[in-house]
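Report on the structure given below.
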Amino acid sequence: LENFVGHQVLRISAADEAQVQKVKELEDLEHLQLDFWRGPAQPGSSIDVRVPFPSIQAVKVFLEAHAISYSIMIEDVQSLLDEEQEQMFAFQG
Amino acid sequence: RARSTNTFNYAIYHTLDEIYEFMDMLVAENPQLVSKLQIGNTYEGRPIYVLKFSTGGNKRPAIWIDTGIHSREWVTQASGTWFAKKITEDYGQDPKITAILSNMDIFLEIVTNPDGFAFTHSTNRLWRKTRSRTAGSSCIGVDPNRNWDAAFGMPGASGNPCTETYRGKYANSETEVKSIVDFVKDHGNIKGFISIHSYSQLLLYPYGYTNTPNPDQQELDQLAKEAVTALSSLHGTKYTYGSIYTTIYQASGNTIDWTYSQGIKYSYTFELRDTGRYGFLLPASQIIPTAQETWLALVTIMDHVKNHPY
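From first to last, the protein sequence lines are chains A and B.
All residue numbers in the first sequence are consecutive under my numbering, ending with 115.
All residue numbers in the second sequence are consecutive under my numbering, ending with 306.
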């Protein structure tokens, strides 16, 4: 199973069109390996992105540098997946 | 493992094999109402099944519901399983479902992307696309919700095989999509088409590729309002509704733009729970509440389709 230890899901709030465009720039940076769960749309609508552990610092620095607000929606993706697996195994047992 | 659909645990997530076993049990328990059709095979050779709920007749007006075209959206396949059981329970008991099935058939594809779903269980829980290979690229998979022959290749999808919204080389390149296309065309009498995704709590109608309102916008919008009202009445879950383009973002080559272009007026897509706390990793404890509330919206739409023949 692929491991998602340390991956976080950030909820980004782009306040205006310029910030939406900035997040779209982020989307184009393939080396960050970002996984947009909810892509950039219009100002005011949330953007959710899974960020692999090695990219977290870069992404947060980028957002903060452009004054784009965000919160951590999922602190550690793998811990949620572990819970999910445990539930499935518990039922099977 | 469950021995019947009564002992099947609807409140946990299941593997592809378990869901396929569930389908066989449901058919065996309800031979007069439910049958299982194989509409194709996946890229990796798995069968693609659709449950048909019918009380008779030949190619009656029908409603199509699919769940799980994006494999990681597990609450959708789980809800689809619950819907299947609910239909069998309500037929003969609930006046609306009984009336719908007395006049129409319901087709339910619980696992629309079986390869992707199996992959989410075996290798990568967050896999979203199909598992097809693209010549000349090391990246795998196509977004099956950008692969339909509706403004295919226009903005709102990616031409890069390494992205999550990769549209594929050509429309219907994905057998999982082509199988539905062939089925819908061959049937020729599908009047409502509902494609179910998660998450973000939306009920959407065409178009996704353009912000031009569709010709039936007023009616579709009013029906969406009624469906969302019914949904919210159970647990207070807040939904937004509108066209794909205006409510979320431009999405070309999507499912319901194609079904609408085929003359299926009542074409909708859902985005089920959640509010943003878990995303695709919705805890299993929320499966049944999600399915229950969504069911109310589905019945509202299906009832309207039955009452407004065209």
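We put the CB at the ideal spot given by N, CA and C, even for glycine.
Just so you know, these numbers come straight off a predicted model, no measurement behind them.
C-alpha distance - residue i paired with residue j, whole-angstrom precision
i         : j         : result
His29(A)  : Pro74(A)  : 4 Å
Met110(A) : Asp104(A) : 10 Å
Ala95(B)  : Gln28(B)  : 16 Å
Gln41(A)  : Thr208(B) : 25 Å
Ala131(B) : Gly155(B) : 13 Å
Val180(B) : Ile192(B) : 17 Å
Asn120(B) : Glu40(B)  : 16 Å
Phe148(B) : Ser0(B)   : 43 Å
Leu102(A) : Asn109(B) : 23 Å
Thr84(B)  : Val27(A)  : 42 Å
Trp123(B) : Gln89(B)  : 39 Å
Tyr256(B) : Phe266(B) : 15 Å
Ser229(B) : Lys82(B)  : 18 Å
Val301(B) : Tyr241(B) : 24 Å
Pro305(B) : Asn99(B)  : 11 Å
Lys261(B) : Asp299(B) : 14 Å
Ile35(B)  : Phe79(B)  : 20 Å
Asn210(B) : Asn303(B) : 21 Å
Tyr274(B) : Glu97(A)  : 10 Å
Gln288(B) : Ala87(A)  : 44 Å
Ser67(B)  : Gln218(B) : 30 Å
Leu12(B)  : Glu52(A)  : 32 Å
Val45(A)  : Ala37(A)  : 11 Å
Ala317(B) : Lys125(B) : Absent from the model: residue 317(B). The displayed extent of chain B is -3 to 306, so no value can be given.
Neighbour flag for residue i against chain B, beta carbons, 8 Å
i         : result
Glu108(A) : no
Val31(A)  : yes
Phe75(A)  : no
Ile96(A)  : yes
Glu24(A)  : yes
Glu47(A)  : no
Asp70(A)  : yes
Gly66(A)  : no
Leu102(A) : yes
Glu86(A)  : no
Residue environment, residue i, which counts as buried when at least 16 other CB atoms sit within 10 Å
i          : result
Ala114(B)  : buried
Val12(A)   : With chain A represented from 23 up to 115, any question about residue 12(A) goes unanswered, as that position is not in the structure.
Arg(-3)(B) : exposed
Asn182(B)  : Correcting the residue identity first, residue 182(B) is Asp in this sequence and not Asn. Exposed, since its Cβ has fewer than 16 Cβ neighbours within 10 Å.
Phe113(A)  : exposed
Pro151(B)  : exposed
Asn26(B)   : buried
Asp101(B)  : buried
Leu23(A)   : exposed
Lys55(B)   : exposed
Pro62(A)   : buried
Thr271(B)  : exposed
Gln197(B)  : buried
Val173(B)  : buried
Glu108(A)  : exposed
Asp253(B)  : buried
Ser194(B)  : buried
Val94(A)   : For the sequence presented, residue 94(A) should be read as Ile rather than Val. That one is exposed.
Leu33(B)   : exposed
Glu69(B)   : buried
Val46(B)   : buried
Tyr264(B)  : buried
Residue-level contact to chain A via CB, residue i, 8 Å cutoff
i         : result
Arg273(B) : yes
Ala114(B) : no
Thr126(B) : no
Ser191(B) : no
Arg56(B)  : no
Glu85(B)  : no
Ile252(B) : no
Leu268(B) : no
Thr353(B) : Any property of residue 353(B) remains undetermined from this structure, which presents chain B solely from -3 to 306.
Tyr9(B)   : yes
Cys158(B) : yes
Ser196(B) : yes
Leu200(B) : no
Contact test: residue i Cβ vs the ligand FAD heavy atom, cutoff 7 Å
i        : result
His53(A) : The model on display carries no ligand, and the ligand FAD is accordingly not part of it.
Contacts of residue i in chain E (Cβ-Cβ under 8 Å)
i         : result
Phe276(B) : Absent from the structure: chain E. Protein chains present are A and B.
Secondary structure, beta strand (DSSP E): runs of 3+ residues fully inside the stretch 200 to 245 of chain B: Counting only runs of at least 3 residues, the stretch 200 to 245 of chain B fully encloses the following beta strand (DSSP E) elements, listed from N- to C-terminal order: 236 to 239.
Any 3 or more C-beta pairs closer than 8 Å across the stretch 216 to 233 of chain B and the stretch 288 to 305 of chain B: With a cut-off of 8 Å, the stretch 288 to 305 of chain B and the stretch 216 to 233 of chain B count as touching, because enough Cβ pairs lie within range.
Secondary structure, beta strand (DSSP E): runs of 3+ residues fully inside the stretch 18 to 85 of chain B: Counting whole runs of 3 or more residues, the stretch 18 to 85 of chain B contains the beta strand (DSSP E) stretches 30 to 37, 43 to 49 and 58 to 63.
Cβ contact check for the stretch 18 to 30 of chain B and the stretch 58 to 75 of chain A: 3 or more pairs under 8 Å: Contact fails: fewer than three Cβ-Cβ distances are below 8 Å.
Segment contact flag, the stretch 74 to 84 of chain B with the stretch 0 to 10 of chain B, C-beta cutoff 8 Å, min 3 pairs: At 8 Å Cβ cutoff, the stretches touch.
Contact the stretch 272 to 288 of chain B vs the stretch 241 to 248 of chain B: 3+ CB pairs below 8 Å: These segments do not touch.
Contact between the stretch 54 to 65 of chain B and the stretch 100 to 113 of chain B (3+ Cβ pairs under 8 Å): With three or more CB-CB distances shorter than 8 Å, the stretch 54 to 65 of chain B counts as touching the stretch 100 to 113 of chain B.
Given 8 Å, three or more beta-carbon pairs between the stretch 47 to 56 of chain B and the stretch 133 to 141 of chain B: In short, these stretches do not touch, since the Cβ pair count stays below three.
Three or more C-beta pairs below 8 Å linking the stretch 192 to 202 of chain B and the stretch 153 to 173 of chain B: The stretch 192 to 202 of chain B, when compared against the stretch 153 to 173 of chain B, does not touch it at the 8 Å Cβ threshold.
Residue ranges of each alpha helix (DSSP H) within the stretch 59 to 114 of chain A, 4 or longer: Complete alpha helix (DSSP H) runs here, min 4: 78 to 87 and 99 to 114.
Sufficient close CB pairs (3 or more, under 8 Å) joining the stretch 212 to 219 of chain B to the stretch 166 to 179 of chain B: Because the criterion of three Cβ pairs below 8 Å is not met, the stretch 212 to 219 of chain B and the stretch 166 to 179 of chain B do not touch.
Entirely enclosed beta strand (DSSP E) segments - the stretch 78 to 144 of chain B, minimum 3 residues: Within the stretch 78 to 144 of chain B, the runs of beta strand (DSSP E) that reach at least 3 residues and sit entirely inside it are, in chain order, 101 to 105.
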